[in-house]
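Enquirer:
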Amino acid sequence: MNNFCQYAKKCNSCQLCNLSYEEQLRHKENICRKYPGKLCRVMPITPSPKITGYRNKAQFVYKREGKRIVSGLYKSATHSVMAADHCAICSDTANTITAALSKLFSSFKVMPYDPYTERGWLKSVVIREAEATGEVMAIINGADRIFPAKRTFTTALQKACPMLTTAVITVNRDKRKLFTGQQSEVLFGSGTITDILCGERFILSPASFYQINHDQTQQLYQKALELADLSGNEIVLDAYCGIGTIGIIASRKAKFVHAVELNPAAIADAKRNARLNGIDNIRFTAADSRDYAKRLTEKDARVDAAFIDPPRTGCTSSFLNSLAKLSPDKIVYISCNPETQARDLRVLGRLGYKTQVCYPFDMFPHTNHCESVVLLDKKD
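Take the sequence shown: its letter number 264 is residue 1599 in this note's numbering, and every next letter is one higher.
The structure is reproduced here in structure tokens:
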């Protein structure tokens, strides 16, 4: 084990930190060669511009040590909290705020929540950063809405952490869930932060899904757009669109974009982001991508290109069947799981598509995870 992080052995979030970065890249490139690489050529992996402090979202839990409340991380594969005042892949800003909050929680006697006894209030803290604008959000997650001395705490928080743009309390009464809840209350600021990605502005709320490595995400999305090779006349499908990042960026080079996402809150964010950027050639729909693609086929809708960025489990066969019936000339498949990506590529191969090339990206240095972008086009 190298000197990358003193908590690495017990935390185990950074499973590859005992390898040099060059070895990590080879390992991840080989994973892509093992899965999508059986179907197409794999290009050299794109390294992350930053390999420490790259996360724009940091999650910390807390524990009581005597009279002090200390920040911590979960020990590997447990809900047991180990004290940790620093995470090497989180930013200096996030680590500084987390340490300051430990002192405030101690001073205000805010007790950490124990999921086994269901006692205590404080479940976790999430720090989100907008790297391009410098805006920072603290999300304090509690077990219920009752937070004594809220006004005094808010004043103390603003004084202790002047780098914070906004702070929010969220409540999650489910004892099994310790991170961002559904109910929220803004302590100060707007309750959101705004980032810039590939030239477009994106508003992030506490629960918004957003890629955690800003600079590498820009490189990945630029490659995805390059592979799609849009001319301005295409009708595009953006499936699993989240808060609209890919669809909004692609809309500048497309005639129209259909964007679909299951989560209604993400679609609300996406619509707001489209308005923020003055974009009117995109339609966001809250629906299952499978059902939406089927509706498009029933309408005999035109789709010239598709971006798909599913969760780790990949796509359903019914979605892939509907996508193939829409017959886009090109499909750009972004994945954080090369194994399920390869499974879906084989399905698309049986449906008339040829997998052309895979570009791996190291989105998560020191971890096992690897992101990849694959281009498919219709077979002759």
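C-beta: ideal position from N, C-alpha, C; glycine also.
Which residues in the same chain have their Cβ closer than 6 Å to the Cβ of Lys1714, if we skip the five residues on either side of it in sequence?
Expert: Cβ within range, chain order: Gly1687 and Lys1689.
Enquirer: Going by C-alpha distance, which of Ile1504, Leu1661, Asp1639 and Arg1618 is nearest Arg1630?
Expert: Of Ile1504, Leu1661, Asp1639 and Arg1618, the residue nearest in Cα terms is Leu1661.
Enquirer: Helix, strand or coil: how does DSSP classify Phe1544 here?
Expert: It is coil, neither helix nor strand.
Enquirer: In this structure, how does DSSP classify Glu1466 when only helix, strand and coil are distinguished?
Expert: Residue state, collapsed to three classes: coil.
Enquirer: Would you mind reading off the limits of the alpha helix (DSSP H) that contains Ile1643?
Expert: It is not in any alpha helix (DSSP H) - Ile1643 instead sits in the beta strand (DSSP E) that spans Ala1640 to Ile1643.
Enquirer: Using 6 Å as the cut-off, classify the Cβ of Ala1393 as near or not near the heavy atoms of the ligand SAM, replying yes or no.
Expert: What this structure holds is no ligand at all, so the ligand SAM is not there to describe.
Enquirer: Would the region 1339-1352 count as touching the region 1409-1425 if we require 3 or more Cβ pairs under 8 Å?
Expert: Flag = yes, the region 1339-1352 and the region 1409-1425 touch.
Enquirer: The alpha helix (DSSP H) with Lys1345 in it runs from where to where?
Expert: Unbroken alpha helix (DSSP H) run through Lys1345: Ala1343 to Cys1346.
Enquirer: How is Lys1373 classed by DSSP in three states: helix, strand or coil?
Expert: Helix, per DSSP.
Enquirer: Out of Gln1553, Cys1693, Asp1712 and Leu1711, point me to the one whose CA is closest to Glu1364's CA.
Expert: Ranking Gln1553, Cys1693, Asp1712 and Leu1711 by Cα distance to Glu1364 puts Cys1693 first.
Enquirer: Hey, Asn1637 and Ile1570: beta-carbon distance below 7 Å or not?
Expert: First, the amino acid is wrong: residue 1637 is Arg here, not Asn. A contact, by the Cβ cut-off of 7 Å.
Enquirer: Please report the straight-line C-alpha distance between Phe1514 and Ala1542, rounded to a whole angstrom.
Expert: Those two C-alpha atoms are separated by around 10 Å.
Enquirer: Out of curiosity, what's the CA-to-CA distance linking Thr1632 and Tyr1668?
Expert: If you take the alpha carbons of Thr1632 and Tyr1668, they lie about 20 Å apart.
Enquirer: Please classify Cys1367: does DSSP put it in a helix, a strand, or coil?
Expert: Looking at Cys1367 - three-state DSSP - the assignment turns out to be helix.
Enquirer: Select from Cys1422, Val1595, Met1378 and Leu1565 the residue whose C-alpha is nearest the C-alpha of Asp1623.
Expert: The candidate whose alpha carbon is nearest that of Asp1623 is Val1595.
Enquirer: Cα separation between Tyr1370 and Gln1554?
Expert: Approximately 22 Å between the Cα atoms of the pair.
Enquirer: Whole angstroms is fine: what's the gap from Gly1567's alpha carbon to Glu1561's?
Expert: Taking the straight line joining both Cα atoms gives about 13 Å.
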